[in-house]
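Chemist: Per my numbering, the sequence shown runs over residues 244 to 422.
No residue lacks a Cβ here, since even glycine has one placed at the ideal position from N, Cα and C.
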Amino acid sequence: MVEVSVSRLGLDGSSNTYVVVLREADGERVLPIWIGQAEAESILLQINSVPRERPLTHDLCKTLILGLGGELRKVHITKVTNGTYFAEMHIARADGLVTIDARPSDSIAVALRCGAPILAEESLLITPGDETDDDEDGEGDSQVIPPKPDVMSTLEMTAEQLKDHLANLRPEDFGKFKP
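(1) Would a C-beta distance cut-off of 7 Å place SER285 and LEU307 closer than the cut-off?
(2) Considering only their Cβ atoms, is the gap separating PHE329 from THR342 smaller than 7 Å?
(3) Between ALA335, GLY313, SER258 and ILE276, which has its C-alpha nearest GLY326's C-alpha?
(4) Exposed or buried, which one is GLU282 when buried takes at least 16 other CB atoms within 10 Å?
(5) Count the other CB atoms within 10 Å of the CB of GLY253; is the residue buried (16 or more) or exposed (fewer)?
(6) Under the three-state reduction of DSSP, which class applies to ALA283: helix, strand or coil?
(7) DSSP three-state call for SER257: helix, strand or coil?
(8) If you draw a straight line from the alpha carbon of MET244 to that of VAL293, how long is it in whole angstroms?
(9) CB-CB under 6 Å to ALA354, same chain, minus the five flanking residues each way: which ones, in chain order?
(10) Excluding sequence positions up to five away, which residues of its chain have a Cβ less than 6 Å from the Cβ of SER250?
(11) Look up THR306 in the DSSP assignment and say whether it is helix, strand or coil.
(12) Is any non-hydrogen atom of the ligand ZN found closer than 6 Å to the C-beta of ARG346, if you look at the structure I gave you?
(13) Assign SER337 to one of three DSSP states: helix, strand, or coil.
(14) Which same chain residues end up closer than 6 Å to GLU246 when comparing Cβ atoms and leaving out the 5 residues on each side of it in sequence?
(15) How big is the Cα-Cα spacing for ILE278 and GLN289?
(16) State buried or exposed for ALA337, treating a residue as buried only when at least 16 other CB atoms are found within 10 Å of its CB.
(17) Assuming ARG316 and ALA345 make a contact with CB atoms under 8 Å, what is their CB distance in whole Å?
(18) What distance in whole Å lies between the Cβ atoms of VAL323 and LEU368, which are believed to be in contact at a cut-off of 8 Å?
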């Protein structure tokens with residue numbers, strides 16, 4: 244496993260779908276993950292420290308983990324199969340470690356709130372510009388770095404610009420999910 248962090252979050256111009264790009268801590272390799280609107284907004288709000296009047300779902304997850312005496316120790320992004328990404332949340336409790344299957348987008352949003360490290364399976368990381376072929380097992384793990392978004396990266400926006408951006412989004416701005 245390799246520690247990664249959120250490097251950028253933007254709109255994939257070819258599919259009109261949000262992509263969170265994770266970059267390895269001590270290198271250049273990346274892991275692009277196509278995510279939904281709600282998860283993209285949640286990640287952006289947390290990264291940009293935008294205050295919320297009421298807790299979002301990922302805030303609730305953090306509160307539940309802590310309220311039940313747990314601590315999110317780490318998030319593992321484990322694999323991608325047929326375009327579906329998989330992750331695990333590792334939660335420590337007094338009675339032991341619990342591993343919970345979760346979507347990477349949700350895991351990233353909760354990890355950011357809890358200050359937990361995000362780790363990715365070494366084989367998922369690719370060098371920008373490289374493309375990997377499908378595995379012989381036919382699982383279709385082919386990955387390509389998405390084209391540079393044709394909109395301003397939301398990580399480069401001020402809190403006010405982000406609020407305006409999110410307020411003006413329409414459902415058709417997101418297209419169909421196509422990892």
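Modeler: Answer, in terms of the structure:
(1) What you label residue 285 is simply residue 42 of the sequence shown in a count that begins at 1. What you label residue 307 is simply residue 64 of the sequence shown in a count that begins at 1. No, they are not a contact pair.
(2) On the sequence shown, position 99 is the one that residue 342 refers to. On the sequence shown, position 86 is the one that residue 329 refers to. At a Cβ-Cβ threshold of 7 Å, THR342 and PHE329 do not count as neighbours.
(3) Mapped onto the sequence shown, residue 326 falls at position 83. If we check each option's Cα against that of GLY326, ILE276 comes out closest.
(4) Taking the first residue of the sequence shown as 1, we reach residue 282 at position 39. So GLU282 ends up on the buried side.
(5) As a position in the sequence shown, residue 253 is number 10, starting the count at 1. Counting Cβ neighbours within 10 Å, GLY253 comes out buried, since at least 16 surround it.
(6) Taking the sequence shown and counting its residues from 1, one reaches residue 283 at position 40. Helix at ALA283.
(7) For this step, residue 257 is matched to residue 14 along the sequence shown. SER257: coil per DSSP, three-state reduction.
(8) By 1-based counting over the sequence shown, the position of residue 244 is 1. By 1-based counting over the sequence shown, the position of residue 293 is 50. So the two alpha carbons sit approximately 31 Å from each other.
(9) What you label residue 354 is simply residue 111 of the sequence shown in a count that begins at 1. Closer than 6 Å at Cβ, skipping near neighbours: VAL318 and ILE361.
(10) Residue numbering aside, residue 250 sits at position 7 when the sequence shown is read from its first letter. When the five nearest sequence neighbours on each side are left out, the beta carbons in the same chain lying within less than 6 Å of the beta carbon of SER250 are those of VAL264 and ARG266, in order along the chain.
(11) As a working mapping, residue 306 is identified with position 63 in the sequence shown. Residue state, collapsed to three classes: helix.
(12) Absent from the structure shown: the ligand ZN. Ligands present: none.
(13) Numbered from its first residue, the sequence shown carries residue 337 at position 94. The identity of residue 337 in the sequence shown is Ala, whereas the question assumes Ser. Reduced to three states, the DSSP call for ALA337 is coil.
(14) The count along the sequence shown starts at 1 and reaches residue 246 at position 3. Only ALA268, PRO360 and LEU362 meet the Cβ criterion.
(15) By 1-based counting over the sequence shown, the position of residue 278 is 35. By 1-based counting over the sequence shown, the position of residue 289 is 46. Rounded to the nearest whole angstrom, the CA to CA distance from ILE278 to GLN289 is 16 Å.
(16) For the purposes of this step, residue 337 is taken as the residue at position 94 of the sequence shown. An exposed status is given to ALA337, since fewer than 16 other beta-carbon atoms sit within 10 Å of its beta-carbon.
(17) Position 73 of the sequence shown, counting from 1, holds the residue named residue 316. Position 102 of the sequence shown, counting from 1, holds the residue named residue 345. Going by Cβ atoms, the distance from ARG316 to ALA345 rounds to 14 Å, so no, they are not a contact pair.
(18) In the sequence shown, residue 368 corresponds to position 125, counting from 1. In the sequence shown, residue 323 corresponds to position 80, counting from 1. Not confirmed; about 12 Å, so no contact.
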